[in-house]
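Participant: Next up is a structure, given as structure tokens.
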Amino acid sequence: NWLLARSAQIGGGILELTLSIVFVFFFYRDGPRLAMFVHRLLERLIGERASYYQDLVAGTIQRVVNGVIGTAAAQAVLALIGFLIAGVPGALVLGLATFLLSLIPMGPPLIWIPATAWLAWKGDYGLAIFLGIWGTLIISGVDNVLKPYLISRGGNLPLVIVLLGVFGGLIAFGFIGLFIGPTLLALAYSLLVDWSASQQNKDKI
Numbered sequence: 463n464w465l466l467a468r469s470a471q472i473g474g475g476i477l478e479l480t481l482s483i484v485f486v487f488f489f490y491r492d493g494p495r496l497a498m499f500v501h502r503l504l505e506r507l508i509g510e511r512a513s514y515y516q517d518l519v520a521g522t523i524q525r526v527v528n529g530v531i532g533t534a535a536a537q538a539v540l541a542l543i544g545f546l547i548a549g550v551p552g553a554l555v556l557g558l559a560t561f562l563l564s565l566i567p568m569g570p571p572l573i574w575i576p577a578t579a580w581l582a583w584k585g586d587y588g589l590a591i592f593l594g595i596w597g598t599l600i601i602s603g604v605d606n607v608l609k610p611y612l613i614s615r616g617g618n619l620p621l622v623i624v625l626l627g628v629f630g631g632l633i634a635f636g637f638i639g640l641f642i643g644p645t646l647l648a649l650a651y652s653l654l655v656d657w658s659a660s661q662q663n664k665d666k667i
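In my numbering, the protein residues as written are 463 to 667.
If you want it as structure tokens, here you go:
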């Protein structure tokens, strides 16, 4: 049951990643026209703050992309270090595979768990235990720390908002929620800040 659940999760992540790549093609092709439409729509809804919120959404999504790619690169480097220490053959290839699979949920364990099992099958139990601990705490564990930090960099959102957006989005929507969660919370937080500031100005008047 556990293997079936994990396989379904990985399959869903691959499907969502594939669909995201397909949609990216159309967004790049028709991006300027869609951006103008969204800008005109926002101007009708919220007036002069339209450009600010459009830039906020674009910046949040850009930081999410940077966070995903940066975390995948960090996991690949950490995996390469672990494979080299444990003496796993083809460490560089496995590191590159870790980078690619880090882009989907539960991806890196597909690399370091078989490598750990191979070491145990060879009888290198000490190295197998080391790689298992390294994979659990370092390779997979860095995702929960580094990704929210990278996403929060360069923005004016509190880190706790980013954390709630990342983990809440993943739980609610899966892989695509990694983009939806922080974006929705960034918009909600900014709207509340603007509303609070406007209320304070009215009270002063």
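Even for Gly, the Cβ is constructed at its ideal location relative to N, Cα and C.
Just so we're clear, the structure is a prediction, and the values are computed from it rather than from any experiment.
Give me, in chain order, the residues of the same chain whose beta-carbon lies closer than 6 angstroms to that of residue 608; leave out the 5 immediate sequence neighbours on both sides.
Facilitator: The sequence position of residue 608 within the sequence shown is 146, counting from 1. For residue 608, where only same-chain residues beyond five positions count, the Cβ hits under 6 angstroms are 533, 536.
Participant: Buried or exposed: residue 485, going by 16 or more other Cβ atoms within 10 Å of its Cβ?
Facilitator: Along the sequence shown, read from residue 1 onward, the residue named residue 485 stands at position 23. Looking at its Cβ environment, which holds fewer than 16 other Cβ atoms inside 10 Å, residue 485 is exposed.
Participant: Hey, quick one: how far does the alpha helix (DSSP H) through residue 498 stretch, first residue to last?
Facilitator: Counting from one through the sequence shown, the residue named residue 498 turns up at place 36. Where residue 498 is concerned, the enclosing alpha helix (DSSP H) stretches over 493-508.
Participant: Could you give the DSSP three-state label for residue 588: helix, strand or coil?
Facilitator: Indexing the sequence shown from 1 puts residue 588 at position 126. Correct three-state label for residue 588: helix.
Participant: Cβ of residue 526 within 9 angstroms of Cβ of residue 620?
Facilitator: Position 64 of the sequence shown, counted from the start, is the residue given in the question as residue 526. Position 158 of the sequence shown, counted from the start, is the residue given in the question as residue 620. Their beta carbons are not under 9 angstroms apart, which means residue 526 does not touch residue 620 by this criterion.
Participant: Applying the 10 Å Cβ sphere with the 16-neighbour rule, what's the burial state of residue 480?
Facilitator: Position 18 of the sequence shown holds residue 480. The residue in question, residue 480, is exposed, as its Cβ has fewer than 16 Cβ neighbours within 10 Å.
Participant: By alpha-carbon positions, which one of 550, 569, 624 ends up nearest to residue 559?
Facilitator: Start at 1 with the first residue of the sequence shown, and residue 559 comes out as number 97. Residue 559 has its Cα closest to that of 569, out of 550, 569, 624.
Participant: Do you know offhand how far residue 572's Cα is from residue 604's?
Facilitator: As a first step, residue 572 must be located in the sequence shown, where it is residue number 110. As a first step, residue 604 must be located in the sequence shown, where it is residue number 142. About 16 angstroms.
Participant: Assign residue 628 to one of three DSSP states: helix, strand, or coil.
Facilitator: Numbered from its first residue, the sequence shown carries residue 628 at position 166. Helix, per DSSP.
Participant: Mapping DSSP to helix, strand and coil, what is residue 550?
Facilitator: Walking along the sequence shown from the start, residue 550 turns up at place 88. Residue 550: coil per DSSP, three-state reduction.
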